[in-house]
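*Asks:* Starting off with a structure, shown below.
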Amino acid sequence: MSETAGDPHGSGRRMTLDEAKRYVLDAARARGIAAEVLGSRARELTARSHQQRIEQITQAVQGGIGVRVVVDGRMGYGYSEELSTAALDWMLNEAIDNAHLQTETDKFLPDGTDVGRHDLVGDGLAAPLESKVRTALGFEGTLREDKRVKQVMFASYTEREGDVTLGSTQGAEGAYRRGVAGVMASVVMQEGESLKQSWDADWVRDIRTLDPAHTALDFTQRTGRLLGARPLQTGRYTAYFEPKAFAQLLAAFWPMWSGRSVREGKSRLAGKRGERIASSLVTLIDDPLLADGLATRPFDAEGEPGRPLTLVDDGVLTNFFTNSETARALALPNTGHAARHYRGVVDISPSNFYVKPGAGIRMDTGVIVAEISGVHAGTNSISGDFSVQALGLWAENGEVVYPVENFAVAGDFLTLLMNISAVDAALKWEFMGRMAVGTPTIAVTDLSFAGV
Amino acid sequence: MLTDSLVSDVLAYARERGADFAELYVERWKRRALRVLNDEVKEATSGVEYGAGLRLFYGDEVAYAYTNDLTREGLLEIAQSLTGLKGQGGRVDRRGRGGLDFRKAAPQGLHAPAVPWEEHDKRYRLDRLREGQAGARVAPEIRQVESFMLEWDQEVLVANSEGTWTEDRRVRTRHIVQTVAQDGGEVQTGFYGPGLSVGLELFERFPPREVGRTSGEQAMTNLRATPAPAGTYPVIIGNAFGGVIFHEAVGHLLETTSVAKKASVLSDKIGEQVASPAVTYIDDGTTPHGWGSSEFDDEGMPVERTVLIENGVLKSYMVDRWGALRTGYRATGSGRRQDYTLAPTSRMRNTFIAPSDTPVGNLFEMVDFGLFAKSMRGGQVKPGSGEYNFGTQECYIIRHGRIEEPVRGAMLLGKGPDTISKVVAVANDLATGPGMCGSLSGFLPVEVGQPHVLVSAIVVGGEAPNPAAGSVMR
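Protein sequences, first through last, are from chains A and B. Using the working numbering, you'd call the opening residue of the first sequence number -11 and step up by one each time. Using the working numbering, you'd call the opening residue of the second sequence number 14 and step up by one each time.
Here's what the structure looks like:
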């Protein structure tokens, strides 16, 4: 007997993801409809420490199933977190209804194969709960050891583990499990009248490689050096983007390489394959199979196996990210970069996206850009414009002289790529949910800084 | 969505095992999204999000769990796992075992849609979006027109161990038109996206053709615009979505999430002058059909109109249950969360600067050289330092009180308390606009609003050299 009252979808027993996948695929086959089902279930544990107590602990399991159907060359989507037969029937009907709305009749589901079942987690997240809680408490403790730390907004340990299962009436079949663990914190530091607030996180695939004490020291050192910042004179300077700052720019502008942007007329890189679009020091790579990569996955959201892809080779544009649809439309190979959350539609996403390390940087005079913010509002991947708030350090003749604040750095991203004058040798990774971005420190000449 | 006895049993289970307070949030959220690009339907999606979040208080410590499994077994499993994590030790309360005496509150339909979803089929929606597309094609340079329609129908139930049982239903509709204009290698964009707590009558309140035209004209303006001059000078911020600057610069600093930890530069300042006397700042969850309105918050409390700053003096913070527990301030019906996956925190609803009697023209007459930021993009703030930034969507140079050439790429930045003390004048033309605000408890629909506002000095990040203007106030 169900205790769910007034449920329009009925209820009945909750199915497993694999059962729901089979149910939907069987129902689609019975109606002669091509369908693809992506199911995922994510488990999360977060312990948040504040003033040496566990202020909040979150434990969760969330999952659901998404379907896309193709009816007479038209595509429609649906999803459900309710895994009852009634809810899945509603989802499939809505998806078919949505498909009928389309005018384009060239949609298709890619032919698939069995790409196997993969476990990328192993015992990477295996540790007693107590030790995970201690990680959060210890992380906060180390942060507070720096006397300039006025407030720790939060310091937490988080782990996320996800199961993904895929199947289609066109033969795609596969599953994988992956997970990450990390510590993150937001602190306010003070010295005299100067206040600085920063947010930082460090993620790993294997909990045994997490080093919260080291992360905390690194974090307070990097935020603390910005205290006592002076205004920056408006002008054009050489910028030295530290990895944390440059990764944010790359994460904002990667859609320039998306086959979808190219196809929809939203990328200024369209039609430029084979041309030089960046300094010859720049090589951009995406590797979905990277060992220890934070966004590593054996296959994409359509079941296409992952493989490394070079997007820019010594400054020359070589490839775009594609999925089955954009590959066909642009007459390019399918690079296996389809991405989908069950609630959404098939799009494109990088996986482990990085700037190949270079020969190193010799610093001269300019602004070391330590942090940028306002990226979601201050960047436009269609026009290439950016204007973002930044914090950093003023350097003269290779020496850091003083920290600088309250200024904006602005320009055009493709011009910036052309003006890259040096690439450092050490790669650092930032985890951004669906993708991971890796970059060394990058030197860019002649950038506009707006201060006082 | 669930029976009394099931909810009661879950809450009682948690109380018996030491929680001081237990709250169950249950949600069924039907969402539809339609994306049209150049008259072609690119995406049509429908879905149901369905889950529950259980929040337990142990003193002011919080334990939170969520699940999509809303069976008795599924809910008791998360209760068991949470109480197991926290261990024993709190007060044990056996009252209400198997039968909490709930005080039930249901919505009165204050924001209920006049034209519900079922009234029209999907074809009707597509036709409206195509009207918007046509409206956006104001010039041959318009190369791309992209429309989105979002329809949300969210049913929530909040029940807690104090006997609260609140049901609410929030229907929201939004229509967005984004345009891309291109002239040679120059590419610029326009954006307009009205949204309200309404049904399909949104298309009557905001005729699609007009929505498209506004977006298209903005893209054309930006195409003609030159890079904004960098430097520090007076800025007139446009009305409606222009209010995002004070949302970022001040609003977030008044949420108890930051205030309770003394991590906001505006902590402990009730009764103090924190802004220019020209500023009265209000957060109103009751605005009829406001994008950020509801009848109850996500903690089951009725929402209210909260005066935050009156004539520059700080009057109230935005206070949720946890914030009230920590600070002693009265809860203001401000507990909000994106969905069942997140515990609520204190958040803004519909926040705006109150209008004065001053005509807009008077503000411009005060400026010799400055920026008119007519339309904004989003922004962000660090409450601990007050530093904020936000992007602009449509800007012009003001010379000798006149609006002159359009400029683009301006980023406005500063420190909230400093900017709000530099408000010279507020006009009489209050308007509001919808946005999505992201913070600890996720992304939420909020309205921001204001009349035109003149700030004496803001750092403007742009690409062009500093105009080296001296004194610019008349």
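C-beta: ideal position from N, C-alpha, C; glycine also. Keep in mind the model is a prediction, meaning the values are calculated, not measured.
What residue ranges within the stretch 430 to 456 of chain B form continuous beta strand (DSSP E) runs of no fewer than 3 residues, ordered along the chain?
*Replies:* Within the stretch 430 to 456 of chain B, the complete beta strand (DSSP E) runs of at least 3 residues are 436 to 439, 444 to 452.
*Asks:* For a contact meaning CB atoms closer than 7 Å, what does T513 (chain B) contact in chain A?
*Replies:* Past the boundaries of the shown model lies residue 513 (chain B); chain B is included only from 14 to 487, so the question cannot be answered.
*Asks:* Work out the CA separation of A27 (chain B) and V105 (chain B) for me, nearest whole Å.
*Replies:* For V105 (chain B), the pLDDT reaches just 49, beneath the cut-off of 50, and the residue's location in the model is therefore unreliable, leaving the point undetermined.
*Asks:* Taking the alpha-carbon positions, what's the G341 (chain B) to E74 (chain B) distance?
*Replies:* Between G341 (chain B) and E74 (chain B), the C-alpha separation is close to 16 Å.
*Asks:* Between the Cα of T101 (chain A) and those of A:Q158, A:G362, A:L305, spot the shortest distance and give me the residue it belongs to.
*Replies:* Checking every option, the nearest Cα to that of T101 (chain A) belongs to A:Q158.
*Asks:* Does any residue of chain A have a CB that is nearer than 8 Å to the CB of E460 (chain B)?
*Replies:* No, E460 (chain B) lies away from the interface with chain A (no Cβ there is under 8 Å from its Cβ).
*Asks:* Going by DSSP, what residue range makes up the alpha helix (DSSP H) through K138 (chain A)?
*Replies:* Note, K138 (chain A): premise wrong, no alpha helix (DSSP H); beta strand (DSSP E) at 137 to 156.
*Asks:* So with CB distances below 9 Å, who are the chain A contacts of R339 (chain B)?
*Replies:* Going along chain A, no residue has its Cβ under 9 Å from R339 (chain B), so there is no contact; the nearest lies around 10 Å.
*Asks:* Only counting the same chain, and skipping five residues up and downstream in sequence, which positions put a Cβ closer than 6 Å to that of E32 (chain A)?
*Replies:* Cβ neighbours of E32 (chain A) beyond the five flanking positions: A48, R148.
*Asks:* Measuring alpha carbon to alpha carbon, tell me which residue in B:A172, B:V184, B:M14, B:Q191 is nearest L142 (chain B).
*Replies:* Residue B:Q191 is the option with its Cα nearest to L142 (chain B).
*Asks:* Using DSSP with H/G/I as helix, E/B as strand and the rest coil, what is G122 (chain B)?
*Replies:* Three-state result, G122 (chain B): coil.
*Asks:* W178 (chain B) and A92 (chain B) look like a contact to me (Cβ under 8 Å); what is the Cβ gap, rounded to whole Å?
*Replies:* Rounded, the Cβ-Cβ distance is 18 Å, inconsistent with contact.
*Asks:* Please name the residue or residues paired with Q40 (chain A) in a DSSP beta bridge.
*Replies:* DSSP, once it has assigned bridges, lists no residue as partnering Q40 (chain A).
*Asks:* Compare the C-beta of A92 (chain B) with all C-beta atoms of chain A and state if any pair is closer than 8 Å.
*Replies:* So, not an interface residue.
*Asks:* Quick check: the stretch 326 to 340 of chain B against the stretch 17 to 32 of chain A, are at least 3 beta-carbon pairs closer than 8 Å?
*Replies:* Segments in contact, no.
*Asks:* Compare the beta carbon distance of S59 (chain B) and E92 (chain A) with 8 Å and say whether it is the shorter of the two.
*Replies:* No, Cβ-Cβ distance for S59 (chain B) and E92 (chain A) is not below 8 Å.
*Asks:* Who does G61 (chain A) pair with in a DSSP beta bridge?
*Replies:* According to DSSP, which records beta bridges pairwise, G61 (chain A) is partnered with nothing at all.
*Asks:* Considering only the alpha carbon of each residue, which of A:R122, A:I53, A:L13 lies closest to A35 (chain A)?
*Replies:* The option with the nearest alpha carbon to A35 (chain A) is A:R122.
*Asks:* Thinking just about the alpha-carbon of each residue, which of B:F377, B:E400, B:V473, B:V394 is nearest to the one in G422 (chain B)?
*Replies:* It is B:V473 whose Cα lies nearest to the Cα of G422 (chain B).
*Asks:* Who are the neighbours of T91 (chain A) on chain B, taking C-beta pairs under 7 Å?
*Replies:* Here the neighbours are E53, V54.
*Asks:* Of all the CB atoms in chain A, is at least one closer than 8 Å to the CB of M424 (chain B)?
*Replies:* Interface residue, yes.
*Asks:* According to DSSP, is S21 (chain B) helix, strand or coil?
*Replies:* Helix, per DSSP.
*Asks:* In whole angstroms, what separates the C-alpha of A76 (chain B) from that of T46 (chain A)?
*Replies:* Answer to the nearest angstrom: the Cα atoms are 6 Å apart.
*Asks:* Count the other CB atoms within 10 Å of the CB of Q40 (chain A); is the residue buried (16 or more) or exposed (fewer)?
*Replies:* So Q40 (chain A) ends up on the exposed side.
*Asks:* Could you say which of B:S452, B:K55, B:A440 lies nearest to Q463 (chain B) if we only look at CA atoms?
*Replies:* The option with the nearest alpha carbon to Q463 (chain B) is B:A440.
*Asks:* Please report whether the beta-carbon of G458 (chain A) lies at a distance below 8 Å from any beta-carbon of chain B.
*Replies:* The requested residue 458 (chain A) is not part of the displayed model; chain A covers only -11 to 440.
*Asks:* How far does the alpha helix (DSSP H) with V12 (chain A) in it reach, from first residue to last?
*Replies:* First-last of the alpha helix (DSSP H) with V12 (chain A): 5 to 18.
*Asks:* Quick one: what's I366 (chain B) bridged to in DSSP?
*Replies:* Looking at the DSSP assignment, I366 (chain B) forms a beta bridge with B:Y294.
*Asks:* Consult DSSP for A147 (chain B) and reduce its assignment to one of helix, strand or coil.
*Replies:* Helix.
*Asks:* Could you tell me which chain A residues have their CB closer than 7 Å to the CB of F385 (chain B), listed as they occur along the chain?
*Replies:* Within 7 Å Cβ-Cβ: nothing; F385 (chain B) doesn't reach chain A, min ~17 Å.
*Asks:* Residues of chain B with CB under 9 Å from S371 (chain A), in chain order?
*Replies:* Chain B residues near S371 (chain A): V193, E199, V200, Q201, T202, N235, R421, G422.
*Asks:* Excluding the 5 residues preceding and the 5 following T245 (chain B) in the sequence, name in chain order all residues of the same chain whose CB lies nearer than 6 Å to its CB.
*Replies:* The residues are A470, V472.
*Asks:* Should Q146 (chain B) be labelled buried (16 or more other beta-carbon atoms within 10 Å of its own) or exposed?
*Replies:* The residue in question, Q146 (chain B), is buried, as its Cβ has 16 or more Cβ neighbours within 10 Å.
*Asks:* In or out: Q121 (chain B) buried (at least 16 other Cβ within 10 Å) or exposed?
*Replies:* Q121 (chain B) is exposed by the Cβ-count criterion.
*Asks:* For W42 (chain B), which three-state DSSP category applies?
*Replies:* Strand, per DSSP.
*Asks:* Might you give, ordered along the chain, the residues of its own chain that have their beta carbon closer than 6 Å to the beta carbon of N173 (chain B), omitting 5 neighbours on each side?
*Replies:* Contacts found: E36.
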